[in-house]
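Engineer:
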Amino acid sequence: MGRCSKRPNVGGETAKIFGTRLILINPRFNGRQCKIGLDFNGIVIVLNQTSLLKKQIQTLAGFHSFVLLNFWYTIGKTFLPTLTWRRSEGTKVVYLTFDDGPHPDITRWVIQELDKVGAKGSFFVVGENAQTHPDVLSELEKNGHSIGNHTYHHLKGWGISTAAYMHDIDQCNDVIHEKRLFRPPFGRINFGAIKPLSTEYEIVMWDVLTKDYLKGLNTKKAQKRIQKATKSGSIVVFHDSIKANPNLKVLLPDYLQFLAKEGYEMRAL
Ligand SMILES: [Zn+2]
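Just remember that the numbering used here sits 879 ahead of the position in the sequence shown, which is counted from 1.
Next comes the structure, spelled out in structure tokens:
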């Protein structure tokens, strides 16, 4: 946890909790009371004076992640309409997507689960994982699932050059040989890359996020939330990764049953 410094600063002292950046501003000299700012990629919002109790900071960190995600989603949908956030469909169709694989056990488990209800999915693979597990990649193709590009190194698009970002995407394509679908890791696309990418790829975002990657996710609540958010044309994000695996195993089977019961067709993008 970051400590308060003696002079006012913005962006100097930071605490990183759950991957979220908190800034401590205008601290008092006793070292325990600070103002807390939330850094939205350079735009700092100052919150009230508060004691730096670990629990409070964690709550703020969670709130920050929530706001940032929803903020980005709203802004993105409004100002980046070239990206696909949902497919409008007249019929009851849902697009299930799985990011960050392939993984030899987890991806194969997903394939089996999808098979049980006759569903096809779209797998946004990380190039280096695809290179390590070409057999799993072939299995996906053989079973009629779509393969999408998720960069080679699972790169965040913000804070790096467009050239470096494009290069990493090309590197992934050298492994998967499939220039059709792209999803930016962390949902953070490099803005300069949108135009060149759009000529070759459909850039696929989502409208239903399972948050299966969250440690300690309340899967009961999450199940309710994703079912409620599902509409015709929805693009749903799961992860076939080690990190998400415990939640994925709980969420996916019940969600597939729900979709089948509701009469949704589950198609690949
Ligand atoms: Zn990812």
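Note that beta-carbon positions come from the ideal geometry of N, C-alpha and C, so glycine has one too.
Is the closest heavy atom of ligand 1 to the C-beta of D978 under 7 Å?
Structural biologist: yes
Engineer: When the Cα of L962 is compared with those of L1130, I1114, N1124 and K1140, which residue comes out closest?
Structural biologist: I1114
Engineer: Check whether the Cβ of P960 lies closer than 7 Å to any heavy atom of ligand 1, and answer yes or no.
Structural biologist: no
Engineer: With respect to 7 Å, is the separation between the Cβ of H1012 and the closest non-hydrogen atom of ligand 1 below this value?
Structural biologist: no
Engineer: Less than 8 Å separating the beta-carbons of H1029 and G1000?
Structural biologist: no
Engineer: When DSSP builds the beta bridges, which residues end up paired with F1117?
Structural biologist: F977
Engineer: Less than 7 Å between the CB of P1064 and some heavy atom of ligand 1, yes or no?
Structural biologist: yes
Engineer: Could you tell me whether the Cβ atoms of Q1150 and Y1143 are closer together than 8 Å?
Structural biologist: No information on residue 1150 is available, as it lies outside the stretch 880 to 1148 that the chain covers here.
Engineer: Under the assumption that E1081 contacts R1067 (Cβ atoms under 8 Å), give the Cβ distance between them as a whole number of angstroms.
Structural biologist: Actually they are not in contact, since the Cβ atoms of E1081 and R1067 sit about 18 Å apart, beyond 8 Å.
Engineer: Figure out for me which residue from W1037, H982, H1032 and K1110 has the closest Cα to the Cα of E968.
Structural biologist: For E968, the nearest C-alpha among the options comes from K1110.
Engineer: Could you tell me which residues DSSP puts in a beta bridge with V1004?
Structural biologist: N1028
Engineer: In this structure, what does DSSP give as the bridge partners for E1018?
Structural biologist: Paired residues: none, contrary to the question.
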